[in-house]
Each structure stands twice: as structure tokens, then as C-alpha cells.
Amino acid sequence: MLLPYGLTFTSPVSEKGPLLPSGGDVGYYKLHTQGPLHSTGDSSKQRLLSSLSFIPLISIHKGAVFKCQVSYVGKDQVVVERVSDKFTILAPPKVSEIQLTEAGDDSSVVTLTTQALCFHPDIITFRWFCQGGELSPVASQALSAPRPDTQGFFSAMSQCKLPRAELEHGGTKVWVSVHHIALKHPVTRETRGERKVVFVRVKGVLFVILNIVYGKGETAIQALVLFT
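For the sequence shown, the numbering used here gives the first residue as 13, with consecutive numbering after it.
Dropping the structure here:
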């Protein structure tokens, strides 16, 4: 901004205090001013650069409007005022690894679950994929809807289901893609079933243990007994 000589930016509050009065809540901020600098080509004008750094609190700053006022040094009269757009807080989600569990009483179906934590605003999209196409989420709207915490950030979960047999083959890859406005690129988590075989011989009895591992967690062990 180009200003006549002697103009300066002013702030109605100290450098460490609440940006907005709100019941005693205090958010740290600092006002940075650089200048005055002489304007290139016109020595009668000066240039001041002013910026504001702070740690946003959703309860205080969500939808807030900021004003920058310019006045003469030692004068109360405001020469120029600029008003910002409504302040938007963007917080990217923290996405968990995919967890696999049996789907209730049906042991032939596996439920895949992922969670997104500490994001803002509350609009988020989960897309599930399996080799060969996109899967449909199965969690109810009430279960998957974003939920706010005490600080105003949101969490959400998403689930899909697959036949256990597909994962036990060991070659089925499943992944979820999470989309949010605070992310430059979608966050992806994936899992793949794998089959391990362990042979144990105890007093003439050969136990063949099929340890079915889903992703990073073991969820099923099958034992075949062979008499020798």
C-alpha cells in the first residue's frame, strides 16, 4: 500500500492479547510492521507493510471479519480502512489405517473401517475401491456423519464390507481415498489380505495352522489336525 508521508498502520489492541473479546478466551497473535520504505520513483511517498500472525481458535475466529485501519501518527482519524472476507479455518483430516473386523454374526463377511479426525470444515468424502471397481460404503448416515469435538473440529468414519474369501486369497487390494478442502491431494489408505501357513508337530499329531492376516492385524486362525 502506498501512503503519504507520516501515515502508519494502527492496531486497537496490544501485540499479545485476544483478537476479539469473547468471555475471557485469549488467542496469541503478533502484529508485524515493516517500513516505512520509500516508494520507487516517488520519494514523497512511503510504503508500509503490515501483517498479522495468530493461532486460530474456532470458537473465536470462525466467520470473523478483520479490519485494517490507516491513520496519521498521533491522530485518531482513520484515513483508510480495509475489511477482510469472512475468515475460514481449514484443518486437514488425520486418517487412520484401515481396520478389519468380522461383520457381526456373519463370519463370511469382513468389515473394513477407517476414521478421519480433527478436520474442519465438516464436509468430507470417503471413496472405497477394490481391484476391479469402486465399492459402496455401508455405514449408516447417523454413524458416518461428521461429529464435532469440544474444540469445534470434526471426526467421521466410513465402512465397507467384503467377502472373507476374497481377502483370504491374499491378492485382493482394497483402499480408501479421503477428500477434504484442506487437503492438496486426497489421502489414501490401503490393505491387502495375506495367507501364512505354520506347521507344528506335537506327539505324532501335525497341526497345520492357517494364519489369515488382514492388512496389519490378525483376525482369524484356522487349524487343521492331521494324524501321522
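Yeah, the Cβ is synthetic: ideal placement off N, Cα and C, and Gly gets one too.
Report task. Look at residue 129 and residue 171 and say whether their C-beta atoms are less than 8 Å apart. Result -> no
Query raised in the report: Quick one: complete alpha helix (DSSP H) runs, 4+ long, within the region 170-206?
Result: 176-180
Report task. Drop a sphere of 10 angstroms on the beta-carbon of residue 165, count the other beta-carbons inside from all chains shown, and report buried for 16 or more, exposed for fewer. Result -> buried
Query raised in the report: Can you tell which of 91, 106, 121 has the C-alpha that lies nearest to the C-alpha of residue 198?
Result: 106
Report task. Report the three-state DSSP secondary structure of residue 151 (helix, strand or coil). Result -> coil
Query raised in the report: For residue 79, which beta-bridge partners are listed by DSSP?
Result: 95
Query raised in the report: Just curious, the beta strand (DSSP E) that residue 137 is in, first and last residue?
Result: 137-142
Query - Strand pairing of residue 114, partner residues [DSSP] - result: 122
Query raised in the report: Which same chain residues, not among the five before or five after residue 230, have their C-beta less than 6 Å away from its C-beta?
Result: Bear in mind that the predicted position of residue 230 carries a pLDDT of just 43, short of 50, making it too unreliable to give a figure here.
Report task. Just tell me which of 141, 137, 202 has its CA closest to the CA of residue 192. Result -> 137
Query raised in the report: Do you know offhand how far residue 45's Cα is from residue 90's?
Result: 18 Å
Requested in this report: Compare the C-alpha of residue 94 against each of 86, 87, 104, 81 and name the closest.
Outcome: 81
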